[in-house]
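Undergrad:
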Amino acid sequence: MGEKTRLKHRVEYWLIRIIGGFLNVLPYRCALAVAWVLGRLIYMFAGSRKHEAFRRVRLVFGDSLSDREVKRICWISFRNTFFNAVEMMRIRKLRAEQLLSMVSNADAVIDLIKKTMAEADGRGIVVALPHMGNWDLAGSVCIASGIPVFSVAAKQRNKRVNELMNYWRSGHGMDVIERGGGTLRQILTRLRDGQVFAILPDTRSFNPDLLIPFLGGEANLARGMASFAYTAKVPVLPIVVRRTSWTGFSVEMHDPVWPDSSIEKSKKDEELRRITEIVIKFIDRAIHETPEQWFWYNKRWVLDPVESAIARSKKKQ
């Protein structure tokens, strides 16, 4: 790592620490107001990212939305990203009862998760939630209710920022596993031990995998979610988190999707596809109902065609 990169990483780390410290001093709503102003200023100069979000919304909804509606969807999606960051930075300040009070139907959500875990005979479950509302907060709400939750996160290039983000994410006891060697084994072991694995299934896979109908097109989605459930013999519980106000949330739940582990190995791929399609169909409907709740700014647009590993390797040569 060069000196310029090290300096950049130090500046990034301390800037985030200072902003986080400032937002933690303020009352919750004041911190969100600061995030709103900051988000609005950045949004004004977002340029290509903003135009790309416009294009994506228009691609999915066609002429069914006016330009004004498209702009509203893109702004709220962008704003919510800043609100989510505030809540992640402040998560350790919130008591368990405060977290639960933020979700209007928290009791029903927790009851369904515990009921599904009981039906899994001591094993855990896979909770599939899209990039809607505040997906990180959902894990903290479960932890606050005594449910053991873990997730997997990619390692950031900036080591100190990576450690800081994992520290915030692990608020209230949620375990965060860094993606790398041995990750698959850890996930299966934890599921078999009765833990809940939270996963975001609505992101395009880097490598060719399952082509699933999504948002009016076909998305190349990883089979990991379904594969973990199938191998560990646990259900997938799809849920959608929506921000109903600046400080309020609601959760919509789908019936658990149970894998059929009795099928022949030759039909395993069909079973993984079935599980994935059920989950994605639920997410697709949720996005169409409240598109402003979804994160439209992912660098990997879910409907872009995936490059084959061979094509990518040729580009690197």
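Residue 141 in the working numbering sits at position 114 of the sequence shown, with consecutive numbering throughout. Ideal Cβ placement from N, Cα and C applies to all residues, glycine included.
1. Within its chain, find whatever has a CB closer than 7 Å to the CB of Ala-360; leave out the 5 residues flanking it on each side and keep chain order.
2. According to DSSP, is Phe-322 part of a helix, a strand, or is it coil?
3. Go to Glu-245, then tell me how far its beta strand (DSSP E) extends in each direction, as first and last residue.
4. Return helix, strand or coil for Arg-300, following the three-state DSSP convention.
5. Would you say Ser-131 and Ser-277 are within 7 Å of each other, going by their C-beta atoms?
6. Near Lys-182, which residues of its chain fall below 8 Å by C-beta distance, leaving aside the five closest residues on each side in sequence?
7. DSSP on Arg-82, reduced to helix/strand/coil?
8. Excluding the 5 residues preceding and the 5 following Glu-245 in the sequence, name in chain order all residues of the same chain whose CB lies nearer than 6 Å to its CB.
9. Less than 7 Å between C-beta atoms, sequence neighbours within five positions excluded: which residues of the same chain meet that for Arg-33?
10. Using only the alpha-carbon positions, how far apart do Val-87 and Phe-81 sit?
11. Within 10 angstroms of its Cβ, does Asn-161 collect 16 or more other Cβ (buried), or is it exposed?
12. Roughly how many angstroms lie between the CA atoms of Gln-213 and Asp-202, to the nearest whole one?
13. Near Val-84, what residues of its chain come up, given a Cβ to Cβ distance below 8 Å and the 5 sequence neighbours on each side ignored?
14. For Gln-344, I'd like the list of residues in its chain whose CB is within less than 8 Å of its CB, leaving aside the five on either flank, ordered along the chain.
15. Scan the stretch 165 to 249 and note each continuous beta strand (DSSP E) run of 3 residues or more that stays entirely inside, going in chain order.
16. Assuming Met-144 contacts Gly-221 (C-beta within less than 8 Å), just tell me the rounded distance between them.
17. Tell me the rounded alpha-carbon separation between Asn-107 and Asp-282.
18. Among the residues of its own chain, which have a CB less than 8 Å from the CB of Thr-274, if the five just before and after it don't count?
19. For Val-261, which of helix, strand or coil comes out of DSSP?
20. I'd like to confirm the pairing. Which residues does DSSP put opposite Val-130 in its beta bridges?
21. Given Ser-232, which residues of its chain have a CB within under 7 Å of its CB, disregarding the five upstream and five downstream residues?
22. Which residues mark the beginning and the end of the alpha helix (DSSP H) in which Ile-46 is found?
23. Going by beta carbon distance, what residues of the same chain come within less than 6 Å of Ala-123, once the five residues before and after it are set aside?
24. Between the alpha carbons of Lys-77 and Arg-150, how many angstroms are there, rounded?
25. On the DSSP letters alone, give me the boundaries of the alpha helix (DSSP H) that Ile-103 sits inside.
TA: Reading from the atomic positions:
1. The structure shown does not extend to residue 360, since the chain is modelled only from 28 through 344, so no value can be given for it.
2. Translated into the one-based positions of the sequence shown, residue 322 becomes position 295. Note: Phe-322 maps to coil in three-state DSSP.
3. Here residue 245 refers to the residue found at position 218 when the sequence shown is read from its first residue. Per DSSP, Glu-245 belongs to the beta strand (DSSP E) from 244 to 248.
4. Here residue 300 is taken as the residue at index 273 of the sequence shown, counted from 1. In this structure, Arg-300 counts as helix in the three-state DSSP scheme.
5. Taking the first residue of the sequence shown as 1, we reach residue 131 at position 104. Taking the first residue of the sequence shown as 1, we reach residue 277 at position 250. In contact: Ser-131 and Ser-277 (Cβ atoms closer than 7 Å).
6. As a position in the sequence shown, residue 182 is number 155, starting the count at 1. Asn-189, Glu-205, Arg-206 and Gly-207.
7. If you number the sequence shown from 1, residue 82 lands on position 55. Correct three-state label for Arg-82: helix.
8. The sequence position of residue 245 within the sequence shown is 218, counting from 1. Closer than 6 Å at Cβ, skipping near neighbours: Leu-238.
9. Stepping through the sequence shown from its first residue, residue 33 is reached at position 6. Hits under 7 Å: none found.
10. Looking up residue 87 in the sequence shown gives position 60. Looking up residue 81 in the sequence shown gives position 54. When rounded, the distance between both Cα atoms is 10 Å.
11. Position 134 of the sequence shown, counting from 1, holds the residue named residue 161. With 16 or more Cβ atoms within 10 Å of its Cβ, Asn-161 is classed as buried.
12. Numbered from 1 along the sequence shown, position 186 holds the residue referred to as residue 213. Numbered from 1 along the sequence shown, position 175 holds the residue referred to as residue 202. Gln-213 and Asp-202: Cα-Cα distance of roughly 12 Å.
13. Along the sequence shown, read from residue 1 onward, the residue named residue 84 stands at position 57. Leu-92, Val-97, Ile-100, Cys-101, Pro-318 and Trp-323.
14. Position 317 of the sequence shown, counted from the start, is the residue given in the question as residue 344. Residue placement at Gln-344 cannot be trusted, given a pLDDT of 47 that sits under 50; what the coordinates show is reported in the next sentence. Correct list: empty, nothing qualifies.
15. 176 to 180, 202 to 205, 223 to 226, 237 to 241 and 244 to 248
16. Translated into the one-based positions of the sequence shown, residue 144 becomes position 117. Translated into the one-based positions of the sequence shown, residue 221 becomes position 194. Yes, Met-144 and Gly-221 are in contact; Cβ-Cβ is about 7 Å, under 8 Å.
17. Residue mapping note: residue 107 aligns to position 80 of the sequence shown, counting from 1. Residue mapping note: residue 282 aligns to position 255 of the sequence shown, counting from 1. Distance between the alpha carbons of Asn-107 and Asp-282 is about 27 Å.
18. Stepping through the sequence shown from its first residue, residue 274 is reached at position 247. Correct list, in chain order: Tyr-55, Arg-56, Leu-59 and Met-129.
19. Working through the sequence shown from its first residue, we reach residue 261 at position 234. Coil at Val-261, not helix or strand.
20. Locating residue 130 in the sequence shown gives position 103, counting from the first residue. Looking at the DSSP assignment, Val-130 forms a beta bridge with Phe-276.
21. Taking the sequence shown and counting its residues from 1, one reaches residue 232 at position 205. Once the five neighbours on either side are set aside, the close Cβ partners of Ser-232 are Asn-247, Leu-248, Ala-249 and Val-333.
22. Against the sequence shown, residue 46 aligns to sequence position 19. Counting along the chain, the alpha helix (DSSP H) containing Ile-46 begins and ends at 30 to 52.
23. Position 96 of the sequence shown, counted from the start, is the residue given in the question as residue 123. Here the set comprises Ala-171.
24. Against the sequence shown, residue 77 aligns to sequence position 50. Against the sequence shown, residue 150 aligns to sequence position 123. Rounded to whole angstroms, Lys-77 to Arg-150 spans 43 Å at the Cα level.
25. Taking the sequence shown and counting its residues from 1, one reaches residue 103 at position 76. Its alpha helix (DSSP H) spans residues 94 to 117.
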